[in-house]
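Numbering (my numbering), first residue to last: 7 to 458.
This is the structure we're talking about:
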């Protein structure tokens, strides 16, 4: 019987992933509740010691030994309250005002020394304790073993069952909460269970997470059984247990995916400096390296684009622009607007103006949405970019997407203007340089053939 019980306890521990000590503690609480139900009384401070090897248990009543004066004060106060209750019932006295009691409670909470009161459930007077054990002293615990007269009844067994279920559920919830709290900001693979209204339920094996529909990619179909990588955004404790919120639209999911696919990023040789993302459509990332012999963009793209293509497939075909990060704002902004060709960039960095209206104005701006937030962020950091007329639509992008992502990536508010005053000389030089590059490509093969 004992071995079967031990195996059952170990099985529960493995399935629920909770420590053996928690299960033993749960069994002890359940046995204590059952004993109290059938054989105990309210004035007993019951503790149970359960032996997992033998399957046996012992019940104890544990009390702290205190001065006799505390017990006498308690008896006296109890007697006074009984007399007052009888007088109130007889109509010869009125109930005391609650305000005085509340005042005493407030004074004790506001830093005054709390008066130690006698509790008959957890305390015993010294004289009474010495009758049981002569060597006992004040402050020690008096442990009395209680006898179990017989088997527990049906109601006591039911009480024990409910206690075990509740305690195991609490232990499991705490274990899951602690496990996933340490995983906030990580990427985990989960299976879609189903969609309920505006949330998608995701199964991680030992728990179920929720993904609000706005945290998903609008082009993806979250059908039951589909497997995706999810970003653990937040973990919080609720009445029903830990609530794990995951995301597929969070910008940091790109950083995690590149860390998985690109060894140089995982090793720290290549760093992702900033990310701008519109989930499901397009993203831009800025990368840099301090190693002269490492190409940061080539490392992220991979041979024939294999690395970046794996990430694109994971994100449902989302386009990803990889840009080299440079410290100079003018060069960085020009690169961020790729694939458009930029003539020149003028930056205007001024001191940010204080927001008028204080917290109220800030709150109103936050309620206005993302555009208002970006305006606040870009305040004092503005750049004017000049492009050829034929590059204007490319620089702005479809519905302003390219310039919007470039602004998020660089942290600068970008205005794009046509450079109408471009001289024919500049245009000719640009055409000439491109022609020279083409000629070079043609000449090289000819020279190689001649040498052969």
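Cβ coordinates follow ideal geometry from the N, Cα and C atoms, glycine included.
**Prompt:** Who are residue 194's beta bridge partners in DSSP?
**Reply:** Reading the chain shown from its first residue, position 188 is the one you call residue 194. Partner(s): 236.
**Asked** Is residue 129 near residue 83, with beta carbons less than 9 Å apart?
**Response** As a first step, residue 129 must be located in the chain shown, where it is residue number 123. As a first step, residue 83 must be located in the chain shown, where it is residue number 77. Not in contact: residue 129 and residue 83 (Cβ atoms no closer than 9 Å).
**Prompt:** Does the region 389-396 come within contact of the region 332-349, defined as at least 3 CB pairs closer than 8 Å?
**Reply:** yes
**Message:** By the DSSP assignment, the alpha helix (DSSP H) with residue 307 in it spans what residues?
**Reply:** Residue 307 sits at position 301 when you count from the first residue of the chain shown. Its alpha helix (DSSP H) spans residues 302-307.
**Item:** Contact between the region 280-292 and the region 327-339 (3+ Cβ pairs under 8 Å)
**Value:** yes
**Item:** For residue 38, the first and last residue of its enclosing alpha helix (DSSP H)
**Value:** In the chain shown, counting from the first residue as 1, residue 38 sits at position 32. Taken as a continuous stretch (DSSP letters only), the alpha helix (DSSP H) holding residue 38 covers 26-44.
**Prompt:** Cβ of residue 56 within 9 Å of Cβ of residue 33?
**Reply:** What you label residue 56 is simply residue 50 of the chain shown in a count that begins at 1. What you label residue 33 is simply residue 27 of the chain shown in a count that begins at 1. The answer is yes: Cβ separation under 9 Å.
**Item:** Range of the contiguous alpha helix (DSSP H) that encloses residue 399
**Value:** Taking the chain shown and counting its residues from 1, one reaches residue 399 at position 393. From DSSP, the alpha helix (DSSP H) with residue 399 extends over 398-402.
**Message:** Between 12, 272, 40, which has its C-alpha nearest residue 29's C-alpha?
**Reply:** The count along the chain shown starts at 1 and reaches residue 29 at position 23. The residue with the shortest Cα to Cα distance from residue 29 is 12.
**Message:** Between residue 201 and residue 214, how many whole angstroms is the CB-CB distance? I'm expecting something under 8 Å.
**Reply:** Locating residue 201 in the chain shown gives position 195, counting from the first residue. Locating residue 214 in the chain shown gives position 208, counting from the first residue. The pair is not a contact, with the Cβ atoms about 13 Å apart (cut-off 8 Å).
**Request:** Compare the Cα-Cα distances from residue 315 to each of 299, 284, 263 and report the closest residue.
**Result:** Translated into the one-based positions of the chain shown, residue 315 becomes position 309. The shortest Cα separation from residue 315 among 299, 284, 263 belongs to 263.
**Request:** Label residue 423 either buried or exposed according to how many other C-beta atoms from any shown protein chain fall within 10 Å of its C-beta, with 16 as the threshold for buried.
**Result:** Within the chain shown, the letter at position 417 stands for residue 423. Per the 10 Å Cβ criterion, exposed.
**Request:** Counting only the same chain and skipping the five closest in sequence on each side, list residues whose C-beta sits under 6 Å from that of residue 66.
**Result:** For the purposes of this step, residue 66 is taken as the residue at position 60 of the chain shown. Only 53, 149, 151 meet the Cβ criterion.
**Prompt:** In terms of residues, what are the limits of the alpha helix (DSSP H) holding residue 175?
**Reply:** Residue numbering aside, residue 175 sits at position 169 when the chain shown is read from its first letter. First-last of the alpha helix (DSSP H) with residue 175: 160-187.
**Inter-residue CB distance, residue 68 and residue 51 (contact presumed, cutoff 8 Å)** = Position 62 of the chain shown holds residue 68. Position 45 of the chain shown holds residue 51. Right, their Cβ atoms sit about 5 Å apart.
**Message:** Taking 9 Å as the threshold (C-beta atoms), are residue 197 and residue 231 in contact?
**Reply:** Walking along the chain shown from the start, residue 231 turns up at place 225. Walking along the chain shown from the start, residue 197 turns up at place 191. Yes, the Cβ-Cβ distance between residue 231 and residue 197 is below 9 Å.
**Request:** Go ahead and pull the three-state DSSP assignment for residue 51.
**Result:** Position 45 of the chain shown, counting from 1, holds the residue named residue 51. Three-state result, residue 51: coil.
**DSSP beta-bridge partners of residue 280** = Taking the first residue of the chain shown as 1, we reach residue 280 at position 274. In the DSSP output, where bridge partners are listed per residue, residue 280 has 292.
**Message:** For residue 10 and residue 20, what's the separation of their Cα atoms in angstroms?
**Reply:** In the chain shown, counting from the first residue as 1, residue 10 sits at position 4. In the chain shown, counting from the first residue as 1, residue 20 sits at position 14. Cα to Cα, the separation comes out at about 15 Å.
**Request:** Taking only the alpha-carbon atoms, compute the straight-line gap between residue 321 and residue 193 and give it to the nearest angstrom.
**Result:** The residue given as residue 321 occupies position 315 in the chain shown. The residue given as residue 193 occupies position 187 in the chain shown. Answer to the nearest angstrom: the Cα atoms are 13 Å apart.
**Request:** Determine the direct distance from the alpha carbon of residue 280 to that of residue 297, and round the result to whole angstroms.
**Result:** Walking along the chain shown from the start, residue 297 turns up at place 291. Walking along the chain shown from the start, residue 280 turns up at place 274. Taking the straight line joining both Cα atoms gives about 19 Å.
**Item:** Buried/exposed call for residue 172, threshold 16 Cβ in 10 Å
**Value:** On the chain shown, position 166 is the one that residue 172 refers to. So residue 172 ends up on the exposed side.
**Asked** Residues bridged to residue 390 by DSSP?
**Response** Sequence index remark: in the chain shown, residue 390 carries index 384 (1-based). BP columns for residue 390 point to 352, 421.
**Asked** Going by beta carbon distance, what residues of the same chain come within less than 6 Å of residue 135, once the five residues before and after it are set aside?
**Response** Indexing the chain shown from 1 puts residue 135 at position 129. Excluding residues within five positions, the ones whose Cβ falls inside 6 Å are 71, 142, 148.
**Request:** Pull up the DSSP beta-bridge partners for residue 218, would you.
**Result:** Position 212 of the chain shown, counted from the start, is the residue given in the question as residue 218. Per DSSP, 205.
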